[in-house]
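For the sequence shown, the residue numbers in the UniProt record's numbering are 1 to 433.
Reading through the structure tokens given below for one structure.
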Amino acid sequence: MMIARPLSIFIGTLLLAACSIPTRLNIPTIAITAHPKYKLLLILIDGLRADALEHGQAPQLARLASDGVHALWMTPSYPALTLPNAYTLITGLRPDHHGIVHNTMEDPLLGAFESENQEAISDGRWWGGEPIWVSAEHAGIHSATFLWPGSEASIAGTRPSRWYAYNKHISADTQITQALRWLNERGPDAPRLVILRFEQVNTAGNSFGPDSPQYAAAVHMIDSAIGRLIDSLRQHGKLTDTDVIVVSDQGIAPIPGDHAVPLERIVQLSDVHVVSDGQVLGITPLPGHESKVEAMLLGAHATYDCWRKQALPTRWHYGTHPRIPNIVCQMHEGWNALSAAQITKRHPLQMGGSSGFDPMLPSMRAIFLANGPSFMPNLLLNPINNVDVYPLLTRLLGIAMAPNDGNPRALLQALRSSNTANGYTYSKRDALH
1 MMIARPLSIF
11 IGTLLLAACS
21 IPTRLNIPTI
31 AITAHPKYKL
41 LLILIDGLRA
51 DALEHGQAPQ
61 LARLASDGVH
71 ALWMTPSYPA
81 LTLPNAYTLI
91 TGLRPDHHGI
101 VHNTMEDPLL
111 GAFESENQEA
121 ISDGRWWGGE
131 PIWVSAEHAG
141 IHSATFLWPG
151 SEASIAGTRP
161 SRWYAYNKHI
171 SADTQITQAL
181 RWLNERGPDA
191 PRLVILRFEQ
201 VNTAGNSFGP
211 DSPQYAAAVH
221 MIDSAIGRLI
231 DSLRQHGKLT
241 DTDVIVVSDQ
251 GIAPIPGDHA
261 VPLERIVQLS
271 DVHVVSDGQV
281 LGITPLPGHE
291 SKVEAMLLGA
301 HATYDCWRKQ
311 ALPTRWHYGT
321 HPRIPNIVCQ
331 MHEGWNALSA
341 AQITKRHPLQ
351 MGGSSGFDPM
361 LPSMRAIFLA
371 NGPSFMPNLL
381 LNPINNVDVY
391 PLLTRLLGIA
401 MAPNDGNPRA
411 LLQALRSSNT
421 ANGYTYSKRD
431 ALH
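What follows is the structure, encoded as structure tokens:
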């Protein structure tokens, strides 16, 4: 029997977490049952733009969306980068609160973090908040993950029941085959929560741009792979007891090869420590150079804008975490910032692409679609925020929420019943928007 955490323990956890995580605490008026019915499959397609479904590039996803729930788009959190947003999706916390503030960052105690640094990504001290697999495991629900950021680390002393170490050479077909094995398992040790991430679309978009045939081919490949997964579940009668959610972390924008600004032109490098480059620059002035650096950087420029971290636009909800450097510069859409040495290695006529621009831009919009026994059919939603996905996941699993920044009522209308879904009973007050 799966038993939810007692309310007294849950509230105590919230109060303790509130001391260290500056986030809104969501405690909805709900009743949690001990026997949720359905399995839950969460799929992340890294770098898939929201308009990919409109362009006919993903017919399998379009069919899944038209038969179920589809948001016009999903707005990523700032910064609109892979690791921060992948982790936001499964914690409900903005990057400023969960601590993965960039793909590349530094911590005074832990040192340097990069997305390809295996030692860093497997160190649970980097990963704040409580990801959905930890919430599930604490509630007695087994989880299985494939290539999702954070799942290799022991977070709050917990890992998924099944997980794979990052390997960029793992194919989409390998992931689909393993996911089907997990979803077809039965018995007390079978995972009820299965989480996959595909990065091929993002890789193609970064290398060739989102308007390239290579990007379209990668979208088609992942779309076909997901279509095979759904068809297999349907053929084996598993689709009637499996909820499927497909999201992306953020979109991707084209960057012409000659749209790269040398860092040396932005700031005197001998006066600063550059923590991150690319689209979201993190810069710390060296002692004694603060005034000079701020005079050179702060304000609006032709291809970028810079702020002290305390003065970033409030709509980004970013700037309080100690891992964020003192000065943050945001490149304008379609521009890159790299060292002169890096730029000389690039072909000026080669079109590329990147995420990391203002989350409100259409190019950064992500997808959200859902299908399964818990979801309404043929429902188009207004745009949503990606912090609202985690509360939905906890509802579908029938478990208590950890502290998060999401709105627990934002996606209630997506559920097949406004009163009950997968073991939950909602009060009328909870269903109000």
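Glycine residues also receive a C-beta, built at the ideal position from the N, C-alpha and C atoms.
These figures come from a predicted structure and were not determined experimentally.
If you draw a straight line from the Cα of residue 358 to the Cα of residue 252, it is about 11 angstroms long. Between the segment 253 to 268 and the segment 351 to 368 there are three or more inter-stretch CB-CB distances shorter than 8 angstroms, so the stretches are counted as touching. Inside the segment 207 to 247, DSSP marks whole beta strand (DSSP E) runs of 3 or more residues at positions 242 to 247, from first to last along the chain. With respect to residue 58, residue 384 sits apart: the two C-beta atoms are not nearer than 7 angstroms. With a minimum length of 3 residues, the unbroken runs of beta strand (DSSP E) contained wholly in the segment 100 to 132 fall at 104 to 107 and 111 to 114. Within 10 angstroms of the beta-carbon of residue 187 lie fewer than 16 other beta-carbons, which makes it exposed. Burial of residue 199 is indicated by the presence of at least 16 other C-beta atoms within 10 angstroms of its C-beta. For a cut-off of 8 angstroms, the C-beta gap from residue 94 to residue 388 is around 12 angstroms, too long to register as a contact.
Of the residues assessed, residue 295 falls on the exposed side of the cut-off, its CB having fewer than 16 other CB atoms within 10 angstroms.
By the criterion of a C-beta distance shorter than 6 angstroms, residue 284 is surrounded in its chain by 273, 325 and 326, once the five residues flanking it on both sides are discounted. Spatial neighbours of residue 129 in its own chain (CB-CB distance under 6 angstroms, excluding positions within 5 residues in sequence) are listed in chain order as 91, 93 and 98.
Excluding the 5 residues flanking it on each side, residue 196 has same chain C-beta neighbours closer than 6 angstroms at 43, 146, 175 and 179, in chain order. Following the DSSP letters along the chain, one finds residue 336 inside the beta strand (DSSP E) bounded by residues 336 to 338. Per DSSP, residue 296 lies in no beta strand (DSSP E); the unbroken alpha helix (DSSP H) holding it starts and ends at 290 to 297. The C-alpha of residue 341 lies about 19 angstroms from the C-alpha of residue 331. Residue 416 and residue 227 have their alpha carbons spaced roughly 23 angstroms apart. When secondary structure is reduced to three states using DSSP, residue 310 falls in the helix class. Going by beta carbons, residue 52 and residue 244 fall outside the 7 angstroms limit.
Cβ neighbours of residue 320 within its own chain (closer than 6 angstroms, five residues either side excluded): 96. Between residue 166 and the set 249, 117 and 322, the nearest pair of CA atoms involves 117. With a 10 Å radius around the Cβ and a threshold of 16 neighbouring Cβ atoms, residue 55 comes out exposed. Nearest neighbour of residue 323 by Cα position, chosen from 279, 292, 103 and 222, turns out to be 103. The secondary-structure analysis by DSSP pairs residue 197 across a beta bridge with 44.
For residue 273, the enclosing beta strand (DSSP E) starts and ends at 272 to 276. For the 7 angstroms CB-CB criterion, residue 38 and residue 373 form a contact.
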